[in-house]
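To convert a position in the sequence shown, counted from 1, into the numbering used here, add 1101.
The beta carbon of each residue, even a glycine, is placed where N, CA and C say it ideally should be.
As the structure is a computational prediction, the values presented were derived from the model and not from experiment.
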Amino acid sequence: MSSDSDRLSADHLALFRDVSQLIGDSRKRAAQHLNSQLTDLYWRIGRRLSVSVLGGERAAYGKKVISRLSGDLTARYGRGWSTKQLHHCLRFAETIPDPEIVSALQRQLSWSHIKALIYVDDGLKREFYRQLAIQERWSTRTLAERMESQLYERTAISNKPEETIRKELARLEKDGLLTQDLLLKDPYILDFLGLNDSYLERDLEDAILRELQKFLLELGTGFSFIGRQYRIQVDDDDYVIDLLFYNRKLRRLVALDLKVGRFKPEYKGQMELYLRWLAKYEQQDGELPPLGIILCAEKKHEQIQLLELDAAGIHVAEYLTELPPKEVLQARLEEAVEQARLRLGAQADEEEGSDNER
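This is the structure we're talking about:
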């Protein structure tokens, strides 16, 4: 009797589990379908509004059109048609006028994601956040946090020529391949470590390990921790890599060296030794050569340029233990991007001059 009861109970639990799964899957598909239909509706409303609003004086006439329409729609359909919502629709249609892009967006992201993206004025920056939100499956909250922290401006790709950025983002969309320029940052925001004004390299390392999960999030997607004070031996000499990681997106070991002061040129040779040892003894078949990150409190751009660290697979970045006001950080990052593009322009002019001399 007991065995029959146990069997019925087990059968019921299996039945309950399977039916619950069916209901859950159906609800998820219904929610996705609803989001897709609403996104399409909002875009079409925005496009229709654009025709009416642009037909008259933009500021005064447009405001009257939207205000009156909002009142009439609310009277008929209830909540959800405020002037703010209609302005979102208008912005959506004006920012992304291509229906094919809209068709893809409504399958990939929620309306909440799209609302955040359409208010990013710079097209390349908007595309950067769109692609990463899709590839990394960011929640709306994560997208907002990444945008608030100026992720695009802190990512190495923002210092590249616009054509290079477009090609990298197109490759990401087509193949889902995340390159190091889309992953590496400068500066890294380490305000969560809780460090005071005076600390040693060991204090910095200890704080990172205490907050390892947050540090991995700041490093970027795909990082996993291998070890601290990772010992290597060259001839009879012992060396230690402060922190060693592996990135599954890049398929690379990543050696990270911590410096509490300003970057010094001799750090390059030290990191090159680490990377060549890792390539010889730790790199596996199918992996790309190891990558080095030197985190320091301060660096000078011309030193970095002259040392050609990028060619050596070494990324030098500053870190901030306190998050400055958004305006200060934004101004600093914009200046860094402008300086990088000026250097690229000067380099291109020099190469063109050399070609002409030949």
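For this session: Since I believe residue 1326 is in contact with residue 1317 (beta carbons under 8 angstroms), could you give me their beta-carbon distance rounded to a whole number of angstroms?
Result: Looking up residue 1317 in the sequence shown gives position 216. Looking up residue 1326 in the sequence shown gives position 225. Taking a contact as a CB-CB distance under 8 angstroms, the pair residue 1317 and residue 1326 counts as one, their CB atoms being some 7 angstroms apart.
Problem set entry | Paired residues, beta bridge with residue 1354 - DSSP | Position 253 of the sequence shown, counting from 1, holds the residue named residue 1354. According to DSSP, residue pairing for residue 1354 in a beta bridge involves 1347.
Problem set entry | As assigned by DSSP and simplified to three states, the class of residue 1157 | By 1-based counting over the sequence shown, the position of residue 1157 is 56. Confidence is the limiting factor: at residue 1157 the pLDDT is only 48, short of 50, which leaves the residue's position unreliable, though a coordinate-based value still follows. In the structure shown, residue 1157 sits in coil (DSSP, three-state: anything other than H, G, I, E or B).
Exercise. Residues bridged to residue 1334 by DSSP?
Worked result: The residue you call residue 1334 lines up with position 233 of the sequence shown. Residue pairing from DSSP places residue 1334 in a beta bridge opposite 1339.
For this session: Give me the Cβ distance between residue 1354 and residue 1384, rounded to the nearest whole Å; I'm assuming they're in contact under 8 angstroms.
Result: Position 253 of the sequence shown, counted from the start, is the residue given in the question as residue 1354. Position 283 of the sequence shown, counted from the start, is the residue given in the question as residue 1384. For a cut-off of 8 angstroms, the C-beta gap from residue 1354 to residue 1384 is around 7 angstroms, short enough to register as a contact.
Exercise. Does the region 1288-1303 come within contact of the region 1365-1376, defined as at least 3 CB pairs closer than 8 angstroms?
Worked result: They do not touch, by the three-pair rule.
Problem set entry | CB-CB length for residue 1410 against residue 1391, believed under 8 angstroms | Residue 1410 sits at position 309 when you count from the first residue of the sequence shown. Residue 1391 sits at position 290 when you count from the first residue of the sequence shown. Between the beta-carbon of residue 1410 and that of residue 1391 there is about 14 angstroms, and that puts the pair past the 8 angstroms contact cut.
For this session: Pair every Cβ in the region 1333-1352 with every Cβ in the region 1386-1400, then say whether three or more of these pairs are closer than 8 angstroms.
Result: Touching, yes, given that three or more Cβ pairs across the two stretches are closer than 8 angstroms.
Exercise. So is residue 1214 buried or exposed if we call it buried at 16+ other beta carbons inside 10 Å?
Worked result: The residue given as residue 1214 occupies position 113 in the sequence shown. Within a 10 Å sphere around the beta-carbon of residue 1214 sit 16 or more other beta-carbons, which makes this residue buried.
Problem set entry | Straight-line Cα distance separating residue 1232 from residue 1401 | Position 300 of the sequence shown, counted from the start, is the residue given in the question as residue 1401. Position 131 of the sequence shown, counted from the start, is the residue given in the question as residue 1232. Their backbone Cα atoms lie some 31 angstroms apart in a straight line.
For this session: Assign residue 1249 to buried or exposed, taking buried as 16 or more other Cβ atoms, counted over all protein chains shown, within 10 Å of its Cβ.
Result: Residue numbering aside, residue 1249 sits at position 148 when the sequence shown is read from its first letter. In this structure residue 1249 is exposed. Its beta-carbon is surrounded by fewer than 16 other beta-carbon atoms within 10 angstroms.
Problem set entry | Beta-carbon gap between residue 1211 and residue 1438 smaller than 8 angstroms | Position 110 of the sequence shown, counted from the first residue, corresponds to residue 1211. Position 337 of the sequence shown, counted from the first residue, corresponds to residue 1438. The answer is no: Cβ separation not under 8 angstroms.
Problem set entry | CA-to-CA distance, residue 1216 to residue 1222, given in whole angstroms | Within the sequence shown, the letter at position 121 stands for residue 1222. Within the sequence shown, the letter at position 115 stands for residue 1216. About 12 angstroms.
Exercise. Under three-state DSSP, which class holds residue 1245?
Worked result: Locating residue 1245 in the sequence shown gives position 144, counting from the first residue. If DSSP states are grouped into helix, strand and coil, residue 1245 belongs with the helices.
Exercise. Are the Cβ atoms of residue 1187 and residue 1170 separated by less than 8 angstroms?
Worked result: Here residue 1187 is taken as the residue at index 86 of the sequence shown, counted from 1. Here residue 1170 is taken as the residue at index 69 of the sequence shown, counted from 1. A distance below 8 angstroms separates the beta carbons of residue 1187 and residue 1170.
Problem set entry | Opposing strand residues paired with residue 1255 [DSSP bridges] | Within the sequence shown, numbered from 1, the residue matching residue 1255 stands at position 154. In the DSSP output, where bridge partners are listed per residue, residue 1255 has none listed.
For this session: Grab the span of the beta strand (DSSP E) containing residue 1463 for me, first residue to last.
Result: With the chain running from 1102 to 1459 in the structure shown, residue 1463 is simply not present.
Problem set entry | Distance between residue 1278 and residue 1389 (C-alpha atoms, nearest Å) | Within the sequence shown, the letter at position 288 stands for residue 1389. Within the sequence shown, the letter at position 177 stands for residue 1278. A direct Cα-to-Cα measurement between residue 1389 and residue 1278 gives close to 14 angstroms.
Problem set entry | Assigned secondary structure, residue 1382 (DSSP; H/G/I helix, E/B strand, else coil) | The residue you call residue 1382 lines up with position 281 of the sequence shown. Helix, per DSSP.
Problem set entry | Per DSSP, the bridge partner or partners of residue 1420 | On the sequence shown, position 319 is the one that residue 1420 refers to. BP columns for residue 1420 point to 1289.
Exercise. When we look at the beta-carbon of residue 1121 and count the other beta-carbons within 10 Å, is it buried (16 or more) or exposed?
Worked result: Here residue 1121 refers to the residue found at position 20 of the sequence shown. So residue 1121 ends up on the exposed side.
Problem set entry | For residue 1325, the residue or residues it bridges with in DSSP | As a working mapping, residue 1325 is identified with position 224 in the sequence shown. The partner list for residue 1325 (beta bridge, DSSP) reads 1347.
For this session: May I ask you to list the residues that DSSP assigns as paired with residue 1415?
Result: As a first step, residue 1415 must be located in the sequence shown, where it is residue number 314. Note: residue 1415 is bridge-paired with 1393 in the DSSP secondary-structure output.
Problem set entry | Closest residue to residue 1432 among 1262, 1370 and 1255 (Cα-Cα distance) | On the sequence shown, position 331 is the one that residue 1432 refers to. If we check each option's Cα against that of residue 1432, 1255 comes out closest.
Exercise. Cα-Cα, which of 1136, 1252 and 1196 is closest to residue 1285?
Worked result: For the purposes of this step, residue 1285 is taken as residue 184 along the sequence shown, with counting starting at 1. The candidate whose alpha carbon is nearest that of residue 1285 is 1252.
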